[in-house]
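First the structure, in the form of structure tokens, and then the observations on it.
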Amino acid sequence: MSCFVAPRLLWSTQTPFLYPCLDSTWTATTSTLRNAARTRLPKHHLRRTSHQATTASTPQDAWPSVDVTKYDHLDPRPPEYSSNYFVDSCVVQLQAGAGGHGCISFLREKYVPNGPADGGDGGTGGNVFIQAVKGETSLHKIARRPIVKAGRGKNGEGSQRGGKRGDDVLIQVPVGTVVREVSRRDPLEEETLAERKARRGYGRDLKEDDTREDDGTDQTGKWRRDKWLLYPGTLPKYFTTADFPALPRPRRSNLVASQPLAPIRLDLDEPMSSPMLLVAGSMGGLGNPHFVTKSIPRPKYGTKGEEGVTVKLQLELKILADVGLVGLPNAGKSTLLRALTRSRTRIGDWAFTTLSPNIGTVVLDSYRGRTHLTDSKKGEARPNLTIADIPGLIEGAHLDRGLGLGFLRHIERAAVLAFVVDLSAGDAVAALEALWKELGEYEKLREQNLNSDTEGPAPDAQGLIPFQPFASSISPAFDPEPPSSEDGDVVLNAQSDRVLEPLRLPPISAKPWLVVATKADLDATQENFAQLEAYLKRVQQGEEEHPSGKTNAWRRQMYAVPVSALRKEGVQRLPEIVLELLDA
Ligand SMILES: Nc1nc2c(ncn2[C@@H]2O[C@H](COP(=O)(O)OP(=O)(O)OP(=O)(O)O)[C@@H](O)[C@H]2O)c(=O)[nH]1
Ligand SMILES: [Mg+2]
1 MSCFVAPRLL
11 WSTQTPFLYP
21 CLDSTWTATT
31 STLRNAARTR
41 LPKHHLRRTS
51 HQATTASTPQ
61 DAWPSVDVTK
71 YDHLDPRPPE
81 YSSNYFVDSC
91 VVQLQAGAGG
101 HGCISFLREK
111 YVPNGPADGG
121 DGGTGGNVFI
131 QAVKGETSLH
141 KIARRPIVKA
151 GRGKNGEGSQ
161 RGGKRGDDVL
171 IQVPVGTVVR
181 EVSRRDPLEE
191 ETLAERKARR
201 GYGRDLKEDD
211 TREDDGTDQT
221 GKWRRDKWLL
231 YPGTLPKYFT
241 TADFPALPRP
251 RRSNLVASQP
261 LAPIRLDLDE
271 PMSSPMLLVA
281 GSMGGLGNPH
291 FVTKSIPRPK
301 YGTKGEEGVT
311 VKLQLELKIL
321 ADVGLVGLPN
331 AGKSTLLRAL
341 TRSRTRIGDW
351 AFTTLSPNIG
361 TVVLDSYRGR
371 THLTDSKKGE
381 ARPNLTIADI
391 PGLIEGAHLD
401 RGLGLGFLRH
411 IERAAVLAFV
421 VDLSAGDAVA
431 ALEALWKELG
441 EYEKLREQNL
451 NSDTEGPAPD
461 AQGLIPFQPF
471 ASSISPAFDP
481 EPPSSEDGDV
491 VLNAQSDRVL
501 EPLRLPPISA
511 KPWLVVATKA
521 DLDATQENFA
531 QLEAYLKRVQ
541 QGEEEHPSGK
551 TNAWRRQMYA
561 VPVSALRKEG
571 VQRLPEIVLE
581 LLDA
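According to the UniProt record's numbering, the residues represented by the sequence shown are 1 to 584, in order.
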């Protein structure tokens, strides 16, 4: 019954909006759609035709009709926007694979009922690698998988068969990712420290009494649940009565030597041809043949594999583009990006339309005929230019107003900065100065962060152990030219400063920059542009202070380019100017 009442109640209120199928005009609309589909009209035409049909039938038809014939790449419909899965910072926990257990087994053949020990060793755990690759543009794939585990080594088997190695894991990150270690848990290191502390507690002198350091063995001879593995069916009393041999010295995989120094700090600013090792897997346990002695020819114990190392890393993506667009919200940055490139970034007549960075590529050389734009530094034709569009900055962004300053890290490495100012939105010079002020604040924050990073972490507060593998450094695969010793020999795994250095970025005010004055098609913008041009001229000649307030800031050649991005007018000059500034 109720199913008949509900539509009637709704009919008098909002029926056509909520339930278009109950509207009498709906049938007409559907037939219009079908007819249109038959005549193969484009999809957007279909959508708008149906909209017109519905609205035209309502008595209060006050909505303006949409001109379906007018469609432009620079004034797109929402379905034209690119979908966005952008993550530029995340924390990921990497777990190297634990080692497999050693095997306790004895040879058994025809006429050999009680053969010798033949258990194999456990396999080594899987390693975790990292590689910066060109195709990746965001960290979202890593962010949704916060724990990355390498495979555990397989246990050893009888007949001296060693366990299989654990599966390695590779994390692929975009070029421009900065990797910082947050914390590390190394069970081996923890154990060694705990042991030393315990010995100190008994008042013994470490140097004299550290037997493990002398002959590589621990002389305790006691059962340890976390270390020893016993033959199946062993009676519990055996644990206390049996004499266990000295625990073998903890072993690390040889690959540890090619791990980066801890704490890890990497700046992956180039595509890597081969993956780089981040954390090596742990060693497998020993099978029972390792414990054969004259007195115990058939040992019924082996050792367990070592636990894997866990490292927590913070990944931060700093997009690497040739040009970075900086502007107030609604200035027209995204429209400019769309006018110059084939980007599908979203445009809207309101502030903060763009919520995450977008990259567009200006194709300079499509490999069809000659290109007149060449990179004079390299002396060769440059195939493309990349432009990064970021969310708008507002005055006081450094106080976390608007979307804050965080997105500026995506343009801090851009070779050229393009300040986009809206000529129709008040004084362009004031807008430019406000943008420079926010950049200055961002730079201050960046320096503070870098200083706190280099002052060194204090991991002891959380019981974390600073880990330093023997002579490890960055992997030779990562550093194509390993440093060589004085007599000319190549020293692999030598200490190298390459890991930390690229984080020291040049000051933003030292970068070449230009001003793109948009919306020049609107009325009464000429005077504003003339004032901007005159201001930049004075800055170039040193008569006016640089908008950054720095004395040795870049002021060699100031460009103010009036454009109408919406009409694609004046934008053709920009690639040429950018190339000139890239050479500067
Ligand atoms: N008349 C005119 N309008 C423009 C021009 N460029 C952009 N607009 C309009 O200005 C509005 C804002 O453009 P967007 O490109 O979204 O501005 P934005 O700087 O990316 O804005 P946020 O992403 O919010 O920071 C849109 O309605 C555009 O159509 C132009 O050259 N002329
Ligand atoms: Mg935008």
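Using N, Cα and C, we set each Cβ at its ideal position, and we do this for glycine too.
Span of the beta strand (DSSP E) around residue i
i	result
Leu405	Looking at the DSSP string, Leu405 is not in any beta strand (DSSP E), and its letter there is neither H nor E.
Leu340	Counting along the chain, Leu340 falls outside any beta strand (DSSP E), though it belongs to the alpha helix (DSSP H) covering Lys333 to Leu340.
Gly156	Here Gly156 belongs to no beta strand (DSSP E), and DSSP marks it neither H nor E.
Gly302	Tyr301 to Thr303
Coarse secondary structure for residue i, derived from DSSP in three states
i	result
Pro457	In this prediction, Pro457 scores a pLDDT of 44, lower than 50, which makes its location untrustworthy; no coordinate-derived value is stated.
Trp436	helix
Glu189	helix
Pro562	strand
Glu395	coil
Pro174	strand
Val571	helix
Val169	strand
Leu355	coil
Glu441	helix
Phe291	helix
Ala194	helix
Val429	helix
Arg344	coil
Asp583	helix
Ile296	coil
Arg382	coil
residue 586	Because residue 586 is not part of the residues shown, which for the chain are 1 to 584, the question remains open.
Ile319	coil
Val578	helix
Glu544	coil
Glu307	coil
Glu447	helix
Leu33	Bear in mind that a pLDDT of 45 at Leu33, under 50, signals an unreliable position, so the number given afterwards is only what the model happens to contain. The answer is helix: DSSP assigns Leu33 an H, G or I state.
Arg199	helix
Beta-bridge partners of residue i, as assigned by DSSP
i	result
Gly360	Ile387
Leu417	Gly324 and Trp513
Gln314	Val91 and Arg180
Thr518	Asp422
Endpoints, alpha helix (DSSP H) assigned at residue i
i	result
Phe529	Gln526 to Gln540
Nearest neighbour of residue i, chosen from the options [CA to CA]
i	options	result
Leu266	Gly176, Gly406 and Leu107	Gly176
Glu181	Leu261, Thr551, Lys149 and Ile147	Leu261
Ser509	Thr551, Tyr535 and Ala517	Thr551
Ala150	Gly126, Ile171, Glu270 and Val416	Gly126
Pro113	Arg298, Ala415 and Thr310	Arg298
Asp95	Leu170, Glu191 and Gln541	The displayed chain sequence assigns Gln, not Asp, to residue 95. Closest by alpha carbon: Leu170.
Leu385	Glu395, Leu399, Leu364 and Asn288	Leu364
Trp228	His101, Glu533, Arg555 and Glu544	His101
Ala431	Leu522, Gly396 and Val133	Gly396
Ala517	Ser282, Val416, Asp168 and Glu533	Glu533
Tyr301	Gly324, Leu315, Pro245 and Thr345	Pro245
Gly97	Asn155, Leu315, Met558 and Arg199	Asn155
Ala418	Val326, Pro391 and Gly332	Val326
Arg145	Ser273, Val92 and Gln259	Val92
Asp389	Lys333, Ala351, Leu581 and Ala425	Lys333
Ser105	Phe291, Leu536, Val148 and Pro174	Phe291
Gln526	Tyr559, His546, Val563 and Ala414	Val563
Gly287	Glu544, Gly119, Lys537 and Gln572	Gly119
Residue i at chain D interface by Cβ criterion, 8 Å
i	result
Ile508	The structure shown has no chain D; it contains just one protein chain.
Discussion item. In chain order, what are the residue ranges of uninterrupted alpha helix (DSSP H) at least 4 long that sit wholly in the segment 225-282?
Written reply: For the segment 225-282, whole alpha helix (DSSP H) runs of length 4 or above, ordered along the chain, are 237-241.
Discussion item. Which complete beta strand (DSSP E) runs does the segment 101-153 hold, if anything under 3 residues is left out?
Written reply: Within the segment 101-153, the complete beta strand (DSSP E) segments at least 3 residues long are 128-133 and 147-149, listed from N- to C-terminus.
Fill in: Residue list, Cβ distance to ligand 4 heavy atoms smaller than 6 Å
As for ligand 4, it is missing from this structure, which binds only ligand 1 and ligand 2.
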